[in-house]
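The UniProt record's numbering puts the first residue of the sequence shown at 1, with every later residue one more than the last.
Think of the CB as a built atom: it goes at the ideal place given N, C-alpha and C, for glycine as much as any other residue.
Single-structure report; data block below.
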Amino acid sequence: MPDTARWVQRAWTAGLDAREMRAAPLVIYPEAAELARAMVDFERAGQRDTADRTRWLEDVEQLMSGWGVDVAEGRQALLVWLGRHRMGPPERDCPVDQRCLALALGHNRIASRTGSVSQRSCLTWQLGMAAADM
Numbered sequence: 001m002p003d004t005a006r007w008v009q010r011a012w013t014a015g016l017d018a019r020e021m022r023a024a025p026l027v028i029y030p031e032a033a034e035l036a037r038a039m040v041d042f043e044r045a046g047q048r049d050t051a052d053r054t055r056w057l058e059d060v061e062q063l064m065s066g067w068g069v070d071v072a073e074g075r076q077a078l079l080v081w082l083g084r085h086r087m088g089p090p091e092r093d094c095p096v097d098q099r100c101l102a103l104a105l106g107h108n109r110i111a112s113r114t115g116s117v118s119q120r121s122c123l124t125w126q127l128g129m130a131a132a133d134m
């Protein structure tokens, strides 16, 4: 979403072309950090029913709208991420009164607490990849 006004302005302020790949980490950082915090908060809350997921998605879409980001484009990536973070039925190793995270189709691991970004994240997106390519 290189045409997001605030990101274009940040790139220009730094003397970069907004469409340069090397500008992206700099110009999206504040919003990316805020989105990451929202994702972590969702993970830690452990609430994954339909109402919780809908409320979280609406909250994040409201953030994106405030940033001037194309909500329709961002929504697709968020839906993919939410699809990988749903609660499943109790597993043999789970306490009887709890539900464990179910790994969605194509999701072969739970993120590590240590290591590189790719080890610590379940996100498949990489810089330069369109949300539709995830």
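Supposed close pair residue i, residue j - CB separation, criterion 8 Å
i, j, result
"residue 67", "residue 6", "6 Å"
"residue 24", "residue 8", "About 12 Å separates the two Cβ atoms, so there is no contact after all."
"residue 34", "residue 63", "7 Å"
"residue 26", "residue 53", "With a Cβ gap of about 32 Å, residue 26 and residue 53 do not count as contacting."
"residue 4", "residue 69", "5 Å"
Segment limits, alpha helix (DSSP H) that includes residue i
i, result
"residue 74", "71 to 83"
Exposure of residue i, with buried meaning 16 or more beta-carbon neighbours within 10 Å
i, result
"residue 12", "exposed"
"residue 77", "buried"
"residue 60", "buried"
"residue 40", "exposed"
"residue 74", "buried"
"residue 15", "exposed"
Coarse secondary structure for residue i, derived from DSSP in three states
i, result
"residue 47", "coil"
"residue 32", "helix"
"residue 3", "coil"
"residue 24", "helix"
"residue 66", "helix"
"residue 54", "helix"
"residue 114", "coil"
"residue 91", "Unreliable placement is indicated for residue 91, whose pLDDT of 49 sits below 50; no coordinate value is reported for it."
"residue 59", "helix"
"residue 41", "helix"
"residue 19", "coil"
"residue 11", "helix"
Cutoff 8 Å: residue i Cβ touching any chain D Cβ
i, result
"residue 6", "Annotation note: the requested chain D is absent from the structure, which comprises a single protein chain."
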